[in-house]
Amino acid sequence: MLRLLITRPGAPRATSAHWPMGTLVAAHQSQPHLPRRFQSQKISPETRAKLEAIRNIGIIAHIDAGKTTTTERMLYYSGFSRRIGDVDDGDTVMDYMQQERERGITIQSAAITFGWRNHQVNLIDTPGHVDFTFEVERSIRVLDGAVTIVDGVAGVQAQTETVWRQASKYRVPRLVFINKLDRT
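In terms of the UniProt record's numbering, the sequence shown opens at residue 1 and continues consecutively.
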């Protein structure tokens with residue numbers, strides 16, 4: 001999944017890959033090599049190279065689709081963490097507020113930085129509850145790409161469509177990850 005997110009292809013293409021918990025369906029959209037926010041600025045070649053190696057990737061979806069759980073696995077498989085945190089146990093890296101741990105939901109977007117194949121990935125886990133839609137939109141504005149997680153059992157929900165529209169509004173390329181296929 002990370003390889004697909006950090007690659008900036010020259011032309012749109014579709015890809016699929018299978019994980020033990022779900023299926024990734026990737027719809028790449030063409031993007032310039034330099035993040036949008038820096039395209040109009042005059043910068044040195046050294047600074048440009050550093051900026052081109054940074055990816056702001058968001059995890060977006062409806063509530064209980066498995067955003068934080070998927071994020072925990074990405075952190076584990078990237079080598080950032082030595083264990084996979086569990087939402088039910090309240091020991092995830094990303095849900096750090098006491099209220100988030102008690103309720104088992106993300107309330108405030110959380111960002112974490114880790115390295116992956118010569119890139120710096122800023123991974124942003126966003127809330128899925130409709131009451132925190134503003135928090136998702138605030139995060140989407142800075143993203144270079146997003147993983148839209150869909151619960152394979154519950155399917156597309158109203159909030160899935162909302163976050164998809166938000167990402168479209170800011171022209172954020174997305175991958176779709178069908179989660180919880182082991183429960184169908």
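Backbone N, C-alpha and C define an ideal beta-carbon position, used for all residues, glycine too. This structure is a prediction, so every number in the text was calculated from the model and none was measured.
Practice prompt. Buried or exposed for Ala-27, please, with buried defined as at least 16 other CB atoms from any protein chain shown within 10 angstroms of its CB.
Written response: To locate residue 27, count along the sequence shown from 1; it is residue 27. The pLDDT assigned to Ala-27 is 49, lower than 50, so where the model puts this residue is not dependable; a value taken from the coordinates is nonetheless given after this. When all chains shown are included, Ala-27 counts as exposed.
Discussion item. Can you tell me whether Gln-41 is buried or exposed? The criterion is at least 16 other CB atoms within 10 Å of its CB, across all chains shown.
Written reply: The sequence position of residue 41 within the sequence shown is 41, counting from 1. Flag for Gln-41 reads exposed.
Worksheet item: Apart from the five residues on each side of it in sequence, which residues of its chain come closer than 6 Å, Cβ to Cβ, to Val-142?
Response: Looking up residue 142 in the sequence shown gives position 142. Same-chain partners within the cutoff: Asn-56.
Worksheet item: Got a sec? Which residues, its chain only, sit under 7 Å from Gly-22 by beta carbon, not counting five neighbours each side?
Response: Working through the sequence shown from its first residue, we reach residue 22 at position 22. Here the model assigns Gly-22 a pLDDT of 49, short of 50, so the residue's position is not dependable, and the following value carries that caveat. The beta carbon of Gly-22 sits closer than 7 Å to those of Gly-152, Phe-177, Ile-178, Asn-179, Lys-180, Leu-181, all from its chain and outside the five residues before and after it, given in chain order.
Item to complete: Counting only the same chain and skipping the five closest in sequence on each side, list residues whose C-beta sits under 6 Å from that of His-92.
Response: The sequence position of residue 92 within the sequence shown is 92, counting from 1. Just to set this straight, residue 92 is Thr in the shown sequence, not His. The answer, listed in chain order, is Thr-68, Glu-72, Gly-85.
Worksheet item: For Thr-162, does the three-state DSSP call read helix, strand or coil?
Response: The residue given as residue 162 occupies position 162 in the sequence shown. Three-state result, Thr-162: helix.
Worksheet item: Excluding the five sequence neighbours on either side, which residues of its own chain have a C-beta within less than 6 Å of the C-beta of Phe-80, listed in chain order?
Response: On the sequence shown, position 80 is the one that residue 80 refers to. When the five nearest sequence neighbours on each side are left out, the beta carbons in the same chain lying within less than 6 Å of the beta carbon of Phe-80 are those of Phe-114, in order along the chain.
Worksheet entry | Ala-65 to Lys-50 span [Cα, whole Å] | Within the sequence shown, numbered from 1, the residue matching residue 65 stands at position 65. Within the sequence shown, numbered from 1, the residue matching residue 50 stands at position 50. Approximately 34 Å, taken between the alpha carbons.
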